[in-house]
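Adding 44 to a residue's 1-based position in the sequence shown gives its number in the working numbering.
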Amino acid sequence: MTTSSLQELALFIVIFFPALAIVIVCLRTYSRTSTGQFGLDDALIIIAMVMSIGETYVTWGYIKTNFVGIHLVDIPPHSVVPGLKYNYAVQVLYNPVLAIVKNSILIFLLRLTGNRRAVKYTILTLIVFNTALMVAIFVTVIFQCTPISYNWDTTIEGGHCVQQGAFYVATTTLTLFTDILVLALPFWIVMGLKMARKTKIAVIGIFFLGFIVTVIGVVRMVIIIKAFFYPPGKDYTYDIGFCTSAIETNVAIMTASAAAMKPLFKRWFPRLFSTLSNTGAYSDGPYAGGTGRYARNTMKSGTQKKSVLRSGHGGFELNKIRGERGLTEIQSQNRGGSEEEIMTFDGIVKTTNVSVRYAERPVERSESERTGEHSRERSDYGMRTSVESL
C-alpha cells in the first residue's frame, strides 16, 4: 500500500501517545490500589483509556484507508467509504473520552473540598453540566446525518446532515470552556489552604499540566475551521492535522493522572519530595532540629503522640491528650501520601495554648529549681487543636 515518511510519522504519533498513556494509567492504578485509595475517579480514567485504545484503532484505519500524509498525485484510485466509516467512529469516540477524563478530575477535586460548600456545589454543577454536554454531543454526533449511513455514502437519496462545520466549532468551543473552568478550580481550592508556598506551587503546577490539553484543543479548532470554512489546498491530503485528536485525548489522560500518582513518585523519589515534606521543621529557637510532624500532620483526640524539646532548653515531655472534647482530626496528608485530605474543614481554626508540665528528672537541682517543680507551666507552645465550623 502507498505510504510516505509523513504518514509513518502520523502512525507513530497515533501509537506513541496511547502507549505512553497506558503506562501512566497502569502506574496510577498500581499507586492507588497499593495505598487503598482506588476510587471512582480512577475507574473513570480506566474507562477513558479503553475508549482511547478504540479511538487509536479507528484513527490508524482512517490514516491508512484515506491516505493521510500522502501527496494527492500519489494516491491510487480507491473507495472513500472505508475511510469515512473510520472517520465517523473517531468522531463518536473522541468527545466522550475528554468528558470522562474531566469528570475524573472533578471527582478527584471533590475530595479536596472538605466542607467548603461553595467549592463543592461548583464542582457538582460542573460534573452535571459536563455529563449533560457529553451525552448531548454524543447523541448528536451519532445522528448528525439521516440516515446514519449517509455519513459515508452520500449517494443515498434524501439523506442529509447537520451543518457539520458549525456543529464541530460549537462543540469544540464548549469543550474548551469546560477545560478552562476545570483548570481554574485547583487555584480556588489550593489558594485557600494554609500550606507552604512551595507546596502550593507544586500542587497547582501538577493540575496546571491540563493547560497543555487546552492548547492542543485550540490547535484542533483552528484545523477544523480551516477544513470547513476555507477552500482546500492543492495537496490537502499531505497533512497530518487529523492526529491532534489522538494527541489531545491521550495527553488529557496522562495529565489527569499526575496528581493521583504522587504517592508512587514519593516512594520512588523520596529526596525529590523531601523539601516539601519537611516544611514543618523548626529552624530556630528551642524547637530547632525538631520536625513538628505530629502537630502538623496528625492531630487527633486520643492519640498517644509525644514531643520532647531539645536538651539545653529544659527538656520535657508534652502531656498525652486522651479523649479531649472538641478536638477535630486535621490531616495535611493521608497515609498514602496523597493530597486528598489537605483540606478537611470549613471554619475558623482556633489556636489554643496548651499547658505543659515538666517531668521529674533524677538530677541535682538548686532549691530555686525545685520550688514549684510540679506546678510550673508554660503557655508559649501553641498548637492548633480544634476547629469551630462556621
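Don't be surprised by glycine CBs; every beta carbon is placed ideally from N, CA and C.
Residue i versus residue j - alpha carbon distance
i	j	result
Gly113	Val185	26 angstroms
Leu220	Asp279	30 angstroms
Met95	Ile66	12 angstroms
Ala92	Gly209	26 angstroms
Thr190	Lys129	15 angstroms
Gly254	Ile200	43 angstroms
Thr175	Pro121	43 angstroms
Ala304	Pro275	45 angstroms
Pro314	Arg241	19 angstroms
Leu53	Cys287	10 angstroms
Leu55	Glu99	13 angstroms
Val262	Thr215	12 angstroms
Ile269	Val58	22 angstroms
Gln51	Thr103	12 angstroms
Ala6	Leu137	An answer regarding residue 6 cannot be provided, because it is not within the stretch 45 to 434 covered by the chain.
Phe82	Leu229	22 angstroms
Leu156	Lys306	15 angstroms
Ala302	Arg72	8 angstroms
Val134	Gly277	23 angstroms
Met178	Val213	15 angstroms
Asp86	Gly158	20 angstroms
Tyr165	Ser48	52 angstroms
Arg161	Val266	38 angstroms
Tyr194	Phe187	10 angstroms
Phe272	Ala180	22 angstroms
Thr77	Trp196	44 angstroms
Top-ranked residue by Cα proximity to residue i, from the options
i	options	result
Ala63	Asn294, Asp223, Ala87, Leu116	Asn294
Tyr282	Ile119, Leu84, Gly98	Ile119
Leu116	Ile291, Ala304, Phe231, Thr46	Thr46
Arg311	Thr79, Val262, Val136, Ile200	Thr79
Phe60	Leu84, Tyr101, Gly202, Val183	Tyr101
Ile284	Cys70, Lys108, Leu88, Val69	Lys108
Val441	Ile256, Thr198, Ser289	Given a span of 45 to 434 for the chain in the structure shown, any question on residue 441 remains unanswerable.
Gly127	Ala304, Ala133, Tyr106	Tyr106
Leu142	Glu292, Lys164, Phe231	Glu292
Trp232	Ala87, Tyr194, Val163	Val163
Ala290	Phe273, Arg161, Arg264	Arg264
Leu84	Leu154, Ser48, Phe272	Leu154
Ile192	Gly158, Tyr132, Ala87	Tyr132
Host alpha helix (DSSP H) of residue i (start-end)
i	result
Phe313	Premise fails: Phe313 is in no alpha helix (DSSP H) and is neither H nor E.
Cys70	49-78
Glu292	288-301
Asn174	161-186
Ala216	Note that residue 216 is Thr in the sequence shown, not Ala. Taken as a continuous stretch (DSSP letters only), the alpha helix (DSSP H) holding Thr216 covers 208-235.
Ala87	84-109
Asn131	125-154
Ile200	Careful: Ile200 lies outside any alpha helix (DSSP H) and carries neither H nor E.
Lys244	241-252
Lys270	255-273
C-beta contact flag for residue i and residue j at 7 angstroms
i	j	result
Ser75	Leu308	yes
Pro140	Phe111	no
Ile297	Val145	yes
Val69	Ile97	no
Val234	Lys244	yes
Closer than 7 angstroms to chain D by CB, residue i
i	result
Gly209	Among the chains in the structure shown there is no chain D, since it carries only a single protein chain.
Exercise for the section: Indicate whether the contact test is met: 3 or more Cβ pairs, each with one atom in the segment 249-265 and one in the segment 162-171, closer than 8 angstroms. Expected result: no
Exercise for the section: Assess, as a yes-or-no matter, whether the segment 195-211 is touched by the segment 148-163 under the definition of 3 or more beta carbon pairs within less than 8 angstroms. Expected result: no
Practice task
Would you check if there are 3 or more beta carbon pairs closer than 8 angstroms linking the segment 195-205 to the segment 223-232?
Solution key: The count of Cβ pairs closer than 8 angstroms, one atom from the segment 195-205 and one from the segment 223-232, stays below three, leaving the stretches out of contact.
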